[in-house]
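Visitor: Oh and the sequence shown: position 128 is 128 in the UniProt record's numbering, straight run, nothing missing.
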Amino acid sequence: MRIVILGAGILGLATAVELASHQAKQQLDINVVDPAPMSGATYHAGGMLAPTAEMIYQQDSLFPLMQTSAQWYPELIKTVTEHTSLPLGYREDGTLVVAADRADAQHLRNVMHYQHAYGMNVEQLPLSKARQIEPALHPHLAGVVSIPGDHQIAPRVFAAALYDAAINLGVTFHPLTATHLRISEPAKGGAPVHVHTTGSTFPADQVVVANGLGASTLSGWHPCATQESSPLKLRPVYGDIVRLRVPTYLRPFIRKVIRGFVEGRPIYIIPRDDGTIALGATTREDSRPAPHLGGVYDLLRDAIRIAPGLEDCDFLEATAGARPGTPDDLPYLGRVNDHVVMSTGYFRHGILLAALGARVSRELVLGQPLSADIRECCPLRHLVNV
Numbered sequence: 001m002r003i004v005i006l007g008a009g010i011l012g013l014a015t016a017v018e019l020a021s022h023q024a025k026q027q028l029d030i031n032v033v034d035p036a037p038m039s040g041a042t043y044h045a046g047g048m049l050a051p052t053a054e055m056i057y058q059q060d061s062l063f064p065l066m067q068t069s070a071q072w073y074p075e076l077i078k079t080v081t082e083h084t085s086l087p088l089g090y091r092e093d094g095t096l097v098v099a100a101d102r103a104d105a106q107h108l109r110n111v112m113h114y115q116h117a118y119g120m121n122v123e124q125l126p127l128s129k130a131r132q133i134e135p136a137l138h139p140h141l142a143g144v145v146s147i148p149g150d151h152q153i154a155p156r157v158f159a160a161a162l163y164d165a166a167i168n169l170g171v172t173f174h175p176l177t178a179t180h181l182r183i184s185e186p187a188k189g190g191a192p193v194h195v196h197t198t199g200s201t202f203p204a205d206q207v208v209v210a211n212g213l214g215a216s217t218l219s220g221w222h223p224c225a226t227q228e229s230s231p232l233k234l235r236p237v238y239g240d241i242v243r244l245r246v247p248t249y250l251r252p253f254i255r256k257v258i259r260g261f262v263e264g265r266p267i268y269i270i271p272r273d274d275g276t277i278a279l280g281a282t283t284r285e286d287s288r289p290a291p292h293l294g295g296v297y298d299l300l301r302d303a304i305r306i307a308p309g310l311e312d313c314d315f316l317e318a319t320a321g322a323r324p325g326t327p328d329d330l331p332y333l334g335r336v337n338d339h340v341v342m343s344t345g346y347f348r349h350g351i352l353l354a355a356l357g358a359r360v361s362r363e364l365v366l367g368q369p370l371s372a373d374i375r376e377c378c379p380l381r382h383l384v385n386v
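(1) Assuming G7 and D34 make a contact with CB atoms under 8 Å, what is their CB distance in whole Å?
(2) Look at the Cβ atom of R359, then the Cβ atom of E18, and state whether they are nearer than 7 Å.
(3) Mind checking A103: buried by the 16 CB within 10 Å criterion, or exposed?
(4) What would DSSP say about D274, mapped onto helix, strand or coil?
(5) Whole angstroms are fine: how far does the CA of T84 sit from the CA of A165?
(6) Measure the C-alpha to C-alpha separation of R255 and D240 and round it to an integer number of angstroms.
(7) Out of P327, Q27, S184 and G212, point me to the one whose CA is closest to N337's CA.
(8) Tell me where the beta strand (DSSP E) around Y332 begins and ends.
(9) For a quick check, are the C-beta atoms of residue 392 and D302 less than 7 Å apart?
(10) Pair every Cβ in the segment 153-170 with every Cβ in the segment 103-118, then say whether three or more of these pairs are closer than 8 Å.
(11) What's the C-alpha gap between E311 and V171?
(12) From the DSSP output, read off the bridge partner residues of L96.
(13) Could you check what DSSP says for G7 in three-state terms: helix, strand or coil?
(14) How far does the beta strand (DSSP E) with L88 in it extend, from its first residue to its last?
(15) Looking at the unbroken alpha helix (DSSP H) that takes in R362, where does it start and where does it end?
(16) Let's test the definition: count the other Cβ atoms within 10 Å of the Cβ of A100 and tell me whether it reaches 16, buried, or not, exposed.
(17) Please state whether the Cβ-Cβ distance between A318 and V208 is less than 7 Å.
(18) Three-state secondary structure (DSSP) at N211?
(19) Please work out which residues of its chain come closer than 6 Å, Cβ to Cβ, to Y90, disregarding the five sequence neighbours upstream and downstream, and give them in chain order.
(20) Considering only their Cβ atoms, is the gap separating L11 from G357 smaller than 7 Å?
(21) For Y73, I'd like the list of residues in its chain whose CB is within less than 7 Å of its CB, leaving aside the five on either flank, ordered along the chain.
Okay, here's the thing in structure tokens:
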């Protein structure tokens with residue numbers, strides 16, 4: 001079977017590894033098309049695997065997907081580990097969520113009650129105990145919650161490991177941009193799909209579209225899909241993220257992911273194995289691809305409010321990335337015809353949902369029973385007058 005995957009961010013790479021590691025019964029020829037692998041939203045992501053902390057009101061359809069994907073992550077980690085010697089950046093230290101003032105503490109309690117209603121493992125901690133666990137926390141926080149089951153992965157590190165594992169599994173990468181799919185009745189032995197790119201044309205039996213916002217300009221996969229208009233209602237949602245380096249004498253500064261609310265503004269502080277820390281993330285829809293000064297200022301100020309010792313860290317970079325959002329914040333995941341699987345629109349949960357998106361895409365491509373209920377993720381659900 002000839003398979004072409006469009007996109008080599010976290011979703012495309014994980015899908016390639018899923019497929020290549022499950023080809024015992026049939027030989028798969030897997031090609032991945034992406035002009036700049038491991039870039040895009042993946043490069044700028046925070047990497048929190050946090051289905052509990054990421055619960056947002058009125059997104060009940062999203063919760064089961066996030067929980068399922070988090071449960072599947074260890075298996076994906078195991079698969080990647082078997083095919084690469086590179087580090088993965090996976091950490092299971094858990095998460096603390098903190099509140100800066102009384103209003104933030106009330107919000108934290110409200111969210112905790114909501115999480116308990118879904119049976120999630122969330123525990124309120126005295127500040128004294130929290131500071132025993134993470135001494136870098138400010139001594140005058142208004143509330144702390146522990147979420148031991150929320151983990152993290154370093155997206156850049158993990159993407160490099162996925163890329164290496166895919167190559168070791170026989171996947172071929174092509175630094176090209178896909179522009180058009182031509183679907184036709186194949187001649188005997190021919191291909192039902194031809195993937196046209198900026199440099200070559202690839203015959204395929206199955207195509208997985210996992211190129212994020214690029215899916216909105218891909219034509220040919222549906223009668224309504226042109227380069228000017230798409231059945232996919234994707235929009236770029238930008239987020240600023242800051243990276244710091246912790247001086248050697250302060251390491252380890254923190255071990256757990258620290259999430260917080262400061263005057264209602266969300267903030268997260270993510271420690272990495274290499275002694276760096278990521279601060280994030282803002283959310284804006286202003287089509288400005290560069291980091292926003294106000295957003296960077298907010299991140300630094302709020303992070304220092306939670307962990308004052310961050311003032312002694314070195315500033316490494318501020319970046320901004322565009323995440324593919326949908327009108328209902330659910331991904332576009334599923335078949336759009338007999339030969340094309342759509343896997344995009346993961347918005348702020350792309351890293352977390354990568355395990356689910358990759359496995360479901362593999363099951364769809366290989367005709368296997370689905371392990372998750374994705375009916376509400378239909379890629380054509382926002383197409384009017386189908």
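Cβ atoms here follow ideal geometry from the backbone N, Cα and C, with glycine treated the same way. Note that the structure is predicted; figures quoted are calculated from it, not measured.
Guide: This is what the structure holds:
(1) As a working mapping, residue 7 is identified with position 7 in the sequence shown. As a working mapping, residue 34 is identified with position 34 in the sequence shown. Confirmed, Cβ separation roughly 6 Å.
(2) Walking along the sequence shown from the start, residue 359 turns up at place 359. Walking along the sequence shown from the start, residue 18 turns up at place 18. Yes, the pair counts as a contact, with Cβ atoms nearer than the cut-off.
(3) Position 103 of the sequence shown, counting from 1, holds the residue named residue 103. Label assigned to A103: exposed.
(4) For the purposes of this step, residue 274 is identified with residue 274 of the sequence shown, where counting begins at 1. In the structure shown, D274 falls within a coil segment according to DSSP collapsed to helix, strand and coil.
(5) Taking the sequence shown and counting its residues from 1, the one referred to as residue 165 is at position 165. Taking the sequence shown and counting its residues from 1, the one referred to as residue 84 is at position 84. The straight-line gap from Cα to Cα measures roughly 5 Å.
(6) Start at 1 with the first residue of the sequence shown, and residue 255 comes out as number 255. Start at 1 with the first residue of the sequence shown, and residue 240 comes out as number 240. In this structure, the straight-line span from the alpha carbon of R255 to that of D240 is close to 23 Å.
(7) Walking along the sequence shown from the start, residue 337 turns up at place 337. Looking from the CA of N337, the closest CA among P327, Q27, S184 and G212 belongs to S184.
(8) Locating residue 332 in the sequence shown gives position 332, counting from the first residue. Its beta strand (DSSP E) spans residues Y332 to R335.
(9) Shown here, the chain extends from 1 to 386; a query on residue 392 therefore has no answer.
(10) With the cut-off at 8 Å, the segment 153-170 and the segment 103-118 do not touch.
(11) Position 311 of the sequence shown, counted from the first residue, corresponds to residue 311. Position 171 of the sequence shown, counted from the first residue, corresponds to residue 171. Whole-angstrom Cα-Cα distance: 44 Å.
(12) Counted from its first residue, the sequence shown places residue 96 at position 96. In the DSSP assignment, the residues bridged to L96 are S146 and I258.
(13) Against the sequence shown, residue 7 aligns to sequence position 7. Of the three classes helix, strand and coil, the one that applies to G7 here is coil, per DSSP.
(14) The residue given as residue 88 occupies position 88 in the sequence shown. No beta strand (DSSP E) holds L88; DSSP gives it neither H nor E.
(15) One-based indexing of the sequence shown puts residue 362 at position 362. Residues A354 to L366.
(16) Position 100 of the sequence shown, counted from the start, is the residue given in the question as residue 100. A residue is called buried once 16 or more other Cβ atoms fall within 10 Å of its Cβ, and A100 is buried on that count.
(17) Within the sequence shown, the letter at position 318 stands for residue 318. Within the sequence shown, the letter at position 208 stands for residue 208. Result no, Cβ atoms of A318 and V208 do not sit closer than 7 Å.
(18) Locating residue 211 in the sequence shown gives position 211, counting from the first residue. In the three-state reduction of the DSSP assignment, N211 falls in the coil class.
(19) In the sequence shown, residue 90 corresponds to position 90, counting from 1. So the qualifying residues of the chain are I77 and I153.
(20) Along the sequence shown, read from residue 1 onward, the residue named residue 357 stands at position 357. Along the sequence shown, read from residue 1 onward, the residue named residue 11 stands at position 11. Yes, they are a contact pair.
(21) Your numbering for residue 73 matches position 73 in the sequence shown. So the list reads L49 and A355, once near-sequence residues are dropped.
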